[in-house]
Structures are given as structure tokens and as C-alpha cells.
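Some notes on the structure that comes next.
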Amino acid sequence: MTPATMAKREALKAKLIDIAEAEIAQGGIVALRARDLANAAGCALGAIYTAVDDLGELAIAVNRRTVDQITEKMQESVSGLDGEDADDLLVTLAQSYLSYAQTETNRWRTLFSIGLPEAEDAPGFHQAIEPIVGLISTQLERLSRFETSRNLDRNARAIFAAVHGMISLGMEPRLAAIDARDLDRMVSRVVATLSNKEDTL
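Adding 37 to a residue's 1-based position in the sequence shown gives its number in the numbering used here.
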């Protein structure tokens, strides 16, 4: 394959990822259709498969962008608040994650319906969310209740999993475990409990 051909293929792949990202954001994974992608990209249907192996590859590429976007939103939520109480910032991070799930629901659902399989040149889900876990871990470390880095990571992942689980249940209409109208309050309450800030309960 010539350098010109490779460059053309990479350019098409980047364009397809951008289009797939917009389609998923608007309609979820079910909106990702090869013919629509080809029309939007201005290429033949078969040309898609010269740039990517299948549509799943595009969805995974979008998922990686989604993780980056979630991380950025969570970082922004605590930016400049270093002097605030660590317990409060844990709640702020959780609320930022909830806000993303509510405003970018299609992207968020696609991330957790497909996941992020590990590849030679890209991490799997466990590693990909390390920046998110790190934001939580930073606040846990400030609380001085978890001494080792292993404990910090494990407890940060436990908090993330708890918050995510609550949001998943609350945003699933078929499940009545948590009322969606109570999500904001319940997320704050659980994070406060996990960080032992009893005076907010």
C-alpha cells in the first residue's frame, strides 16, 4: 500500500469516526448504519470496510472519545476548587458524572453496552478509566483514610462502581430500584456515606 493510499484511508477513517460520534450522540448505537455513514462521508458503501474492519470498530473509537469527554467534564467540575473539602469534591465529581449520563445519555449507554476491549495499541476499559478513578482517588487521599495506593485505587473504583450502578438503575425505566427523580439526592447521599461524611446524610 502506497503512502498516499494509507493517508487516504486514515483520513476516511477519521471522518467516519467523527460521523459515527455524531450519529451515536443523536440516536445511540442503533443509529450507526453503514449506508448512512457512507452517504454522510460521501464514499461508496464498500469503502467503509477499507478504512475499518466493521462498524464495531467505529463504535469503540467513539467510546474512547466518550471516556475522554467524561474525564474532561469531571476535571472541569473540580477545577480551581482545591481548597474545598475533599468530601464535597467527591460529591461534585459524582454529580458531574450523573450530569454527563443525563445530558449525553446515548453516548453513555453506548460506552457501557459495548465497552472497550483491550487492543495492542489501546487499553481495555479497566485501564481506560484510570483518569476518572484518579480524580476520585485524589480526593480519597486527602481524607487520609486509605494509606496505600492499592487501597486508594480499589476504593476509588468502588465509589465509581456504586455511583454508576445507581445511575444505571435510576435511568432504566424498566427497573424501579431507584426513582429517577431522586437520583441527584441519592448519588450525593451514597458518596457522602462512602466517604464517611455523616453530617450530610
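Every residue gets a Cβ at the ideal spot worked out from N, C-alpha and C, and that includes glycine.
Helix, strand or coil at Ala-217 [DSSP, three-state]
Sequence index remark: in the sequence shown, residue 217 carries index 180 (1-based). In this structure, Ala-217 counts as helix in the three-state DSSP scheme.
Quick check on the DSSP output: what are the complete alpha helix (DSSP H) runs of length 4 or more inside the stretch 131-172, in order along the chain?
DSSP runs (the alpha helix (DSSP H)) wholly in the stretch 131-172: 142-151 and 162-165.
Quick one: is Leu-43 buried, meaning 16 or more other Cβ sit within 10 Å of its Cβ, or exposed?
The residue given as residue 43 occupies position 6 in the sequence shown. According to the sequence provided, residue 43 is Met. The question's Leu does not apply to it. So Met-43 counts as exposed.
Find the nearest neighbour of Ala-138 within the set Glu-209, Arg-46 and Asp-55, judged by alpha-carbon distance.
The residue labelled residue 138 in the question sits at position 101 within the sequence shown. The shortest C-alpha separation from Ala-138 is found at Glu-209.
Sub-8 Å separation of Leu-220 and Ile-204 beta-carbons:
By one-based count along the sequence shown, residue 220 stands at place 183. By one-based count along the sequence shown, residue 204 stands at place 167. The criterion of a C-beta distance shorter than 8 Å is satisfied by Leu-220 and Ile-204.
Could you tell me the distance, in whole angstroms, from the CA atom of Trp-254 to the CA atom of Met-38?
Coverage of the chain is limited to positions 38 through 238, which leaves residue 254 absent and any answer about it impossible.
Going straight from the alpha carbon of Ala-77 to that of Asn-100, what length do you get?
As a first step, residue 77 must be located in the sequence shown, where it is residue number 40. As a first step, residue 100 must be located in the sequence shown, where it is residue number 63. Their backbone Cα atoms lie some 20 Å apart in a straight line.
Which of helix, strand or coil does DSSP assign to Glu-121?
Against the sequence shown, residue 121 aligns to sequence position 84. DSSP places Glu-121 in coil when its eight states are reduced to three.
Mapping DSSP to helix, strand and coil, what is Glu-209?
Counting from one through the sequence shown, the residue named residue 209 turns up at place 172. In this structure, Glu-209 counts as coil in the three-state DSSP scheme.
If you reduce the DSSP assignment to three classes, tell me which class Thr-185 lands in.
If you number the sequence shown from 1, residue 185 lands on position 148. It is coil, neither helix nor strand.
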